[in-house]
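There are 2 protein chains.
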Amino acid sequence: MLSTTPRTVLNRSKQRARTDRADLHAVLDAGMICHLGVLVDGAPMVIPTGYGRIGETLYLHGSTGASSLRGALASQVCVTVTHLDGIVLARSAFHHSVNYRSAMIYGPAREVEDPGERLDGLRAITEQLAPGQWDVVRPPSRKELAATTVLALSLEEASVKVRQGPPVDDEEDYDLPVWAGVRPLLVSWGAPEPDPRLAPGIPVPAHLSHTP
Amino acid sequence: MLSTTPRTVLNRSKQRARTDRADLHAVLDAGMICHLGVLVDGAPMVIPTGYGRIGETLYLHGSTGASSLRGALASQVCVTVTHLDGIVLARSAFHHSVNYRSAMIYGPAREVEDPGERLDGLRAITEQLAPGQWDVVRPPSRKELAATTVLALSLEEASVKVRQGPPVDDEEDYDLPVWAGVRPLLVSWGAPEPDPRLAPGIPVPAHLSHTP
Chain A
1 MLSTTPRTVL
11 NRSKQRARTD
21 RADLHAVLDA
31 GMICHLGVLV
41 DGAPMVIPTG
51 YGRIGETLYL
61 HGSTGASSLR
71 GALASQVCVT
81 VTHLDGIVLA
91 RSAFHHSVNY
101 RSAMIYGPAR
111 EVEDPGERLD
121 GLRAITEQLA
131 PGQWDVVRPP
141 SRKELAATTV
151 LALSLEEASV
161 KVRQGPPVDD
171 EEDYDLPVWA
181 GVRPLLVSWG
191 APEPDPRLAP
201 GIPVPAHLSH
211 TP
Chain B
1 MLSTTPRTVL
11 NRSKQRARTD
21 RADLHAVLDA
31 GMICHLGVLV
41 DGAPMVIPTG
51 YGRIGETLYL
61 HGSTGASSLR
71 GALASQVCVT
81 VTHLDGIVLA
91 RSAFHHSVNY
101 RSAMIYGPAR
111 EVEDPGERLD
121 GLRAITEQLA
131 PGQWDVVRPP
141 SRKELAATTV
151 LALSLEEASV
161 KVRQGPPVDD
171 EEDYDLPVWA
181 GVRPLLVSWG
191 APEPDPRLAP
201 GIPVPAHLSH
211 TP
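What follows is the structure in structure tokens.
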């Protein structure tokens with residue numbers, strides 16, 4: 001079960017809340033980027049960035065010089081992962097909505113210092129984008145590692161919201177002669193585009209050919 | 001041209017910065033949801049939500065009771081819109097990246113009080129999800145309007161980042177026998193799913209049948 005804190009308990013649309021850790025993991029595992037909220041000079045900044053999950057820990061990374069990562073370490077952070085699954089078309093403007101799955105994770109971020117955990121975190125971030133990729137590419141050099149900050153965020157305090165299904169209109173609006181329903185949004189892979197500098201004779205590996 | 005302020009000038013990957021207002025408009029107009037960063041009890045909160053643009057103003061909305069909107073009015077906000085266009089597969093773990101278009105807008109949010117501007121903002125938010133929809137659905141009632149807060153955010157302070165194209169590897173890595181290139185991510189509409197309660201004989205209107 002997800003923990004309940006004032007900021008993880010929904011005040012509205014309570015029926016959208018999911019409270020199983022498995023739901024949180026599913027939303028995170030299905031994503032490729034998150035939106036990281038940090039404080040910089042007292043104001044919120046929302047940065048799209050990669051992430052990876054190992055158990056109950058989320059890993060983020062960035063350049064050692066990034067002000068956003070300094071902000072992340074100096075205050076609480078909020079990481080949000082959102083999947084937009086469809087547009088919900090109601091008979092009234094007011095009841096328009098979207099179908100989505102989203103997770104919000106709150107907490108202090110921890111700078112990862114242990115070399116083993118740093119590598120594990122970076123591996124998880126790369127594998128989130130392209131599972132199977134880490135073992136076939138050149139691993140990070142000492143210099144590259146020195147230029148990279150790795151952050152860890154516990155999944156302890158988190159909320160998950162899911163909306164699915166048709167619109168919910170006011171009862172008296174169901175008779176209106178207006179089409180209502182859902183337009184699903186689909187995400188798919190296009191054909192891999194080889195680097196123009198790719199050496200001849202290197203095929204696309206199987207782990208980059210599957211469909212999501 | 002976009003304005004330059006300390007938080008809109010990129011410190012790294014400067015070649016990804018776009019500085020034309022047309023680039024900002026293009027990123028916003030191509031999106032359907034944003035991630036809104038606000039301060040709630042001194043900590044950042046990142047909320048996925050709809051938006052609409054009219055000229056140089058972004059409109060957001062929510063329930064009058066939402067703590068996130070109270071937070072938005074009590075501090076600066078940051079609105080980020082991100083399109084993930086592909087995964088960039090390099091020969092080294094370090095140079096993995098993503099192709100994307102993103103916009104970040106900063107500023108104080110203003111609560112819209114004028115009834116005409118409120119309706120215009122709500123219309124823009126609905127039309128962002130489904131252009132052509134506003135004129136065919138029941139408009140908001142007085143009661144629905146009273147339950148809705150509309151916020152406006154000037155596009156004055158904003159930054160736009162775009163990454164596209166193949167990976168950029170270290171020169172000595174180009175000889176590695178590793179496939180490199182881009183896996184494009186495509187977003188498309190699925191077939192419209194009629195509300196199970198849809199009255200017979202109402203076809204899907206043309207504005208909900210086009211492909212994006």
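Top to bottom, those sequences are chains A and B.
Numbered by UniProt numbering, the letters in the first sequence go through residues 1 to 212 in order.
Numbered by UniProt numbering, the letters in the second sequence go through residues 1 to 212 in order.
Beta carbons are placed, not taken as given, at the ideal position from N, Cα and C, and that holds for glycine.
Please read all numbers here as calculations on a predicted model, not as lab measurements.
*Check whether the stretch 123-137 of chain B touches the stretch 95-110 of chain A, taking contact to mean three or more Cβ pairs, one atom from each stretch, closer than 8 Å.*
yes
*Which stretch, first to last residue, makes up the beta strand (DSSP E) that contains B/E56?*
Per DSSP, B/E56 belongs to no beta strand (DSSP E) and is neither H nor E.
*Using the DSSP secondary-structure output, state which residues sit across from B/V98 in a beta bridge.*
B/I87
*B/L89: which of B/R53, B/G65 and B/V168 sits nearest, CA to CA?*
B/V168
*Please list the partners that A/I202 has in chain B, where partner means a Cβ-to-Cβ separation under 9 Å.*
P177, V178, W179 and A180
_Is there a C-beta anywhere in chain A that falls below 8 Å from the one on B/H25?_
no
*asked:* Looking at A/A109: is its Cβ nearer than 8 Å to the Cβ of A/L145?
replied: no
*Can you name the residues of chain B whose CB is closer than 8 Å to the CB of A/I54?*
Near A/I54 there are no residues of chain B at all, since even the closest Cβ is about 16 Å away, more than 8 Å.
*How big is the Cα-Cα spacing for A/H83 and B/P194?*
21 Å
*Can you tell me which of the three DSSP states B/I47 falls into?*
strand
*Report yes if the C-beta distance between B/G190 and A/L186 is below 8 Å; otherwise report no.*
yes
*Cα-Cα, which of B/L208, B/G181, B/H35 and B/G71 is closest to A/A103?*
B/H35
*Where A/S68 sits in the DSSP three-state scheme*: helix
_Segments assigned alpha helix (DSSP H), at least 4 residues, entirely inside the stretch 89-159 of chain A_ = 115-129 and 142-146
*Hey, quick one: how far does the alpha helix (DSSP H) through A/V168 stretch, first residue to last?*
Looking at the DSSP string, A/V168 is not in any alpha helix (DSSP H), and its letter there is neither H nor E.
_Residues that B/H61 contacts on chain A, provided the C-beta gap is smaller than 7 Å_ = Near B/H61 there are no residues of chain A at all, since even the closest Cβ is about 10 Å away, more than 7 Å.
*By the criterion of Cβ-Cβ separation under 9 Å, what are the contact partners of B/Y100 in chain A?*
I33 and P48
*Give a yes or no on whether the C-beta atoms belonging to A/E56 and A/G107 are separated by under 8 Å.*
no
_Pull the bridge partners of residue 237 of chain A from the DSSP assignment, please._
Here chain A has residues from 1 to 212 only, and residue 237 of chain A is not among them.
*Closer than 8 Å, Cβ to Cβ, to anything on chain A: give me those residues from the stretch 59-84 of chain B, in chain order.*
S63, G65, A66, S67, S75, Q76, V77, C78, V79, T80, T82 and L84
*asked:* Pull the bridge partners of B/A17 from the DSSP assignment, please.
replied: B/K161
*asked:* I want to see whether chain B comes within less than 8 Å of A/Y106, judged by CB atoms only; does it?
replied: yes
_Straight-line gap, A/E111 to B/V9 (C-alpha atoms, nearest Å)_ = 26 Å
*asked:* So, with DSSP's three-state summary, where would you put A/L73?
replied: helix
*asked:* If the criterion is Cβ atoms closer than 8 Å, does the pair residue 277 of chain A and A/A124 meet it?
replied: Nothing in the structure corresponds to residue 277 of chain A, since chain A is present only between 1 and 212.
*Neighbouring residues, chain A, relative to B/V112 (Cβ below 9 Å)*: Near B/V112 there are no residues of chain A at all, since even the closest Cβ is about 16 Å away, more than 9 Å.
*Runs of beta strand (DSSP E) wholly within the stretch 179-208 of chain A (minimum 3 residues, chain order)*: 181-189
*Using a Cβ cut-off of 7 Å, which residues of the stretch 157-171 of chain B contact any Cβ in chain A, in chain order?*
P166 and P167
*Could you check the C-alpha separation between A/R138 and B/P6 for me, to the nearest Å?*
36 Å
*Pull out every residue of the stretch 111-135 of chain A whose Cβ sits closer than 9 Å to any Cβ of chain B, in chain order.*
L122, R123, I125, T126, L129, A130, Q133 and W134
*Can you pull the chain A residues whose beta carbon is under 9 Å from the beta carbon of B/V9, in chain order?*
Result: empty, since nearest Cβ-Cβ is about 11 Å, beyond 9 Å.
_B/T4 vs B/H61 beta-carbon contact at 8 Å_ = no
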